[in-house]
């Protein structure tokens, strides 16, 4: 019975550690880092989707998914992105 209890404890610890690793990877995947930033204007027709990064990320950014699946990051304060975002919001409000 001691062996069974020890094995059960090890199994539960392994499951917990695995779930923590998945959680860490998913958080890492949504943040933007210096080498991911694009500083030029991206044409609106190339942008498939955008999402703000969560507050736990070290850089305030927006992740863009482009037509071919490439993901890049931009500064949400850039004028061109502000204009793009307003256009998208006005389109969704009118539909």
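Numbering (mature numbering (1 follows the signal peptide of the UniProt record, and there is no 0)), first residue to last: -21 to -1, 1 to 74. For every residue, glycine included, the Cβ atom is placed at its ideal position computed from N, Cα and C.
- Under the DSSP assignment, residue 30 falls in the beta strand (DSSP E) whose first and last residues are 26 to 31.
- DSSP places residue 70 in the uninterrupted alpha helix (DSSP H) bounded by 58 to 73.
- In this structure, residue 51 lies near residue 17, with their beta-carbon atoms less than 8 Å apart.
- At least 8 Å separates the beta-carbon of residue 70 from that of residue 46.
- According to DSSP, residue pairing for residue 50 in a beta bridge involves 44.
- In summary, residue 43 is buried, with 16 or more beta-carbon neighbours lying within 10 Å of its beta-carbon over all protein chains present.
- Here residue 41 has 29, 31, 53 and 55 as same chain residues with Cβ atoms under 6 Å from its own Cβ, once five neighbours each way along the sequence are excluded.
- Apart from the 5 residues on each side of it in sequence, residue 60 sits with its Cβ closer than 6 Å to the Cβ of 53 in its chain, given in chain order.
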